[in-house]
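Structure, as structure tokens:
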Amino acid sequence: MKKKLIEKIESLSDLQIKATTDPRYAQLVLLAASNLGMPNGSRGAAPMSDDAAEWKNSAAVMKAFRWLQTNALETSSAGVVKEVNFVRDLVTVEATAPATGKRGYSKAFTPANKATQARYLLADIPGDLWRKVSDKCKRDGVSRRAVILHLLEDWSGRS
Numbered sequence: 747m748k749k750k751l752i753e754k755i756e757s758l759s760d761l762q763i764k765a766t767t768d769p770r771y772a773q774l775v776l777l778a779a780s781n782l783g784m785p786n787g788s789r790g791a792a793p794m795s796d797d798a799a800e801w802k803n804s805a806a807v808m809k810a811f812r813w814l815q816t817n818a819l820e821t822s823s824a825g826v827v828k829e830v831n832f833v834r835d836l837v838t839v840e841a842t843a844p845a846t847g848k849r850g851y852s853k854a855f856t857p858a859n860k861a862t863q864a865r866y867l868l869a870d871i872p873g874d875l876w877r878k879v880s881d882k883c884k885r886d887g888v889s890r891r892a893v894i895l896h897l898l899e900d901w902s903g904r905s
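Our numbering puts the last residue of the sequence shown at 905; the count rises by one with no breaks.
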């Protein structure tokens with residue numbers, strides 16, 4: 747029987763978002779970094795649990811993701827994305843597919859206190875673009891908030 751592979755990633759930002767919401771992608775980060783030469787001493791065991799507390803902010807996953815980013819800077823992002831997509835068949839986590847329906851609120855960006863919270867309105871976004879983003883978020887089981895916050899963080903250079 748042919749093994750169904752997880753979806754290809756389109757960019758390292760796409761991988762980062764998926765790795766915080768799906769343990770299969772967290773494992774993919776570890777596998778790809780290992781394949782790209784991450785030293786054994788820095789690599790941790792792949793997170794195998796569906797419990798977000800065990801893999802979402804895993805030091806091993808974050809270190810592996812930094813290794814992928816470094817490789818992308820030294821070579822090319824496209825080459826690293828191609829390598830990540832190449833090793834998708836090695837993912838062994840038998841996690842369930844992302845839940846349909848309501849997606850989780852991203853707590854990765856919780857403000858330190860209520861005084862630092864801010865509300866912003868996104869207006870005048872082209873309807874077709876918003877529908878594409880919404881549809882992709884729904885397919886991937888990711889909240890639009892998480893996607894927007896990851897993009898803002900990447901663009902601002904905070905990560």
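Note that beta-carbon positions come from the ideal geometry of N, C-alpha and C, so glycine has one too.
Would you be able to state if there are at least three C-beta pairs under 8 angstroms between the segment 872-880 and the segment 754-764?
no
So, at 6 angstroms on beta carbons, what are the nonlocal neighbours of Arg890 in its own chain, with the 5 sequence-adjacent residues on each side left out?
Cys883
Endpoints, the alpha helix (DSSP H) within which Met808 is located
805-820
For Leu867, the three-state DSSP class (helix, strand or coil):
coil
Determine the direct distance from the alpha carbon of Thr766 to that of Val888, and round the result to whole angstroms.
9 angstroms
Assuming the contact rule is C-beta atoms closer than 8 angstroms, Leu782 and Asn817 should be a hit. Round their C-beta distance to whole Å, please.
5 angstroms
For Val807 versus Leu776, is the C-beta distance shorter than 8 angstroms?
yes
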